[in-house]
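Numbering of the sequence shown is given in our numbering, commencing with residue 194 and proceeding in unit increments.
By construction, the Cβ of each residue, glycine as well, lies at the ideal position given by its N, Cα and C atoms.
Fair warning: this is a prediction, and the values are worked out from it, not measured in the lab.
Shown next, in structure tokens, is the structure this report addresses.
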Amino acid sequence: MNDALHAMLAKSPEEIFALLPPGRVGEADRRYLDEVLDAGFRNTIDPANIFSRMESAFAERFGVRYAVLHNSGTGTMQSCLLAAGVGPGDEVIVPPLTAVATAVVVVQCGAVPVFADIDPDTFNINPADIARKITPHTRAIIPVSLYGLAPDYDGIMRLAAEHGLTVVEDNAECFLGEYKGRMVGAIGHAASFSFQASKHMTSAGDGGVVITDDDDYARNIRKRSCLGYRTLGAKPGDVFVPRDVRQDIDFERHDVMGYNFRMSAVQAALALAQLERLEALVAARVHIAKRYEQVLGEENCDWLIPPVVPADSLHTYWTWVCKLDEEKAGVDWRTFRKMFLANGGDGLYSAWRPVHLEPVFRDLAFYGRPDQAPNHDPRYQGTVKSYQAGDCPTCETLQRRLCQFKTSMQTLDAVATQVNALRATIREISRR
Ligand SMILES: Cc1ncc(COP(=O)(O)O)c(C=O)c1O
């Protein structure tokens, strides 16, 4: 549990929103950026010590030992899979209702994504379907805390322990969330976060971080994110190699394959500033979600159905998402969206298409021809040879009903506009 977040949640909306600087750029952002610029840019070292400071602060916030900065919340997951030894012939279980990144990283490791269906009430991956999808080829699970709510981690971790699987939490949309009193991010073997522009905190538009408590895993993740440099440690600067050794003609640098997923110092400076006000950033989104929910209660609306949030979970509302019961409402999804926009609503999104039905998966078009897909690699002995409608029926039905309302507003006036648009739309539909 993060006491500072609970203290923030207890504050008034006025107090919380007063902590959000205009344009998401505050005094600390400029100060840390200046520190980095003043220190200048030099090769290989961290003159402003900004990477260490950001990594230590992030890890500490989650009560784990290591954080490894990346340049996206996609690269993060790929480093985690590579460091876990995932490769051709392996399967990795992912949900179908997520950003495509969660499944693409599996393909980029040469492994086969296997989609486990979701729970119709929480919209999150369902451990019962994970259990059905586990085979002798399964190496890892990537559960997603969709829209800011943790999935059923007890069920997931039990299956992982039984089958010896690595669990990489995809928390791109969930910062400081809680599951049964534990911080989301400190449950799996490693956890990935995204700092892409729409997320709770950002680092100049893109960025990401992995956290883990495992020393070996942290070191390996760092190496995989940094071209496989042999001398990298779990923490930046952990391993000191004297200059004479480093510069020698026989110095061997690389002992595993890795990508370049490094973050820049400028991004790390901004991320550190945002991290310092993360509690306020999360509390603002929780407040906005509560305001929308209040409208449902006040207007007796029983046809917009938010996810079931278990009593001991804290949802952090990257967006506020409801299921539209089209029959009860008497309007279909597209009409509802049009009415919401006409009432002053801003950008009501659908949920992403189920990932297995996106053309790149449906047509096995990863590398051009389907026979080049990991599913048809001779080293793969499993049965997932294609993806089609019907693979995840709960997700396929639900996705067409979900409405994502924004929770990224930075002022209480902007919040009121969206909440009023929802109220007006509900009233208009009730009068029909
Ligand atoms: C659930 C989920 N996973 C992964 C990602 C990928 O993160 P990034 O855009 O930082 O690569 C995102 C968002 O973009 C996401 O929402």
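At a cut-off of 7 Å, is residue i close to ligand 1 when judged by its beta-carbon and the heavy atoms of the ligand?
i: G583; result: no
i: Q389; result: yes
i: G401; result: yes
i: S265; result: yes
i: T291; result: yes
i: D363; result: yes
i: E366; result: yes
i: T315; result: no
i: E333; result: The question names Glu, but residue 333 in the sequence shown is Ala. Because no heavy atom of ligand 1 lies under 7 Å away, the Cβ of A333 does not count as near it: no.
i: V285; result: no
i: A477; result: no
i: A294; result: yes
i: V307; result: no
i: V154; result: In the structure as shown, the chain starts at 194 and stops at 625, and residue 154 therefore has no counterpart that could be examined.
i: V337; result: yes
Which residues does DSSP list as the beta-bridge partners of residue i?
i: M376; result: E371
i: V402; result: L262, F386
i: Y422; result: H447
i: Y542; result: Q597
i: V360; result: I334
i: V285; result: P306, A333
i: I318; result: I311
i: N453; result: C419
Does the pairing of the segment 300-307 with the segment 345-353 give three or more beta-carbon distances under 8 Å? no
Output the residue ranges of the beta strand (DSSP E) runs that lie fully inside the segment 289-315 and measure 3 residues or longer, sorted by chain position. 305-308
Along the chain, which unbroken stretches of the alpha helix (DSSP H) at least 4 residues long are found entirely within the segment 496-540? 519-522, 526-535
Check whether the segment 396-405 and the segment 512-524 are in contact - that is, three or more C-beta pairs closer than 8 Å. no
Are the segment 565-585 and the segment 274-284 touching, with three or more C-beta to C-beta distances below 8 Å? yes
Between the segment 361-374 and the segment 313-324, are three or more C-beta pairs nearer than 8 Å? no
Is it true that the segment 450-470 meets the segment 415-426, where meeting means three or more beta-carbon pairs spaced less than 8 Å apart? yes
Could you tell me which uninterrupted alpha helix (DSSP H) segments, each at least 4 residues in length, are contained entirely in the segment 195-235, listed from first to last along the chain? 196-202, 206-211, 220-232
Three or more C-beta pairs closer than 8 Å, one from the segment 247-267 and one from the segment 474-491: is that the case here? no
Note down, one range per segment and in chain order, each beta strand (DSSP E) of at least 3 residues found wholly within the segment 565-618. 595-599
Meets three-Cβ-pair contact criterion under 8 Å: the segment 500-517 and the segment 472-481: yes
I'd like to know if the segment 238-254 and the segment 265-274 are in contact, where contact means that at least 3 CB-CB pairs between them fall below 8 Å. no
Three CB pairs or more closer than 8 Å across the segment 600-620 and the segment 570-585: no
Check whether the segment 535-549 and the segment 585-602 are in contact - that is, three or more C-beta pairs closer than 8 Å. yes
State whether the segment 218-238 contacts the segment 452-471, with contact taken as three or more CB pairs (one from each stretch) at a distance under 8 Å. yes
Do the segment 195-205 and the segment 380-394 meet, that is, are 3 or more Cβ pairs less than 8 Å apart? no
Alpha helix (DSSP H) runs wholly inside the segment 464-495, at least 4 long, in chain order: 471-491
The segment 422-433 / the segment 238-248 touching (three or more Cβ pairs under 8 Å): yes
Specify whether the segment 203-222 and the segment 369-381 touch according to this definition: at least 3 beta carbon pairs, one from each stretch, less than 8 Å apart. no
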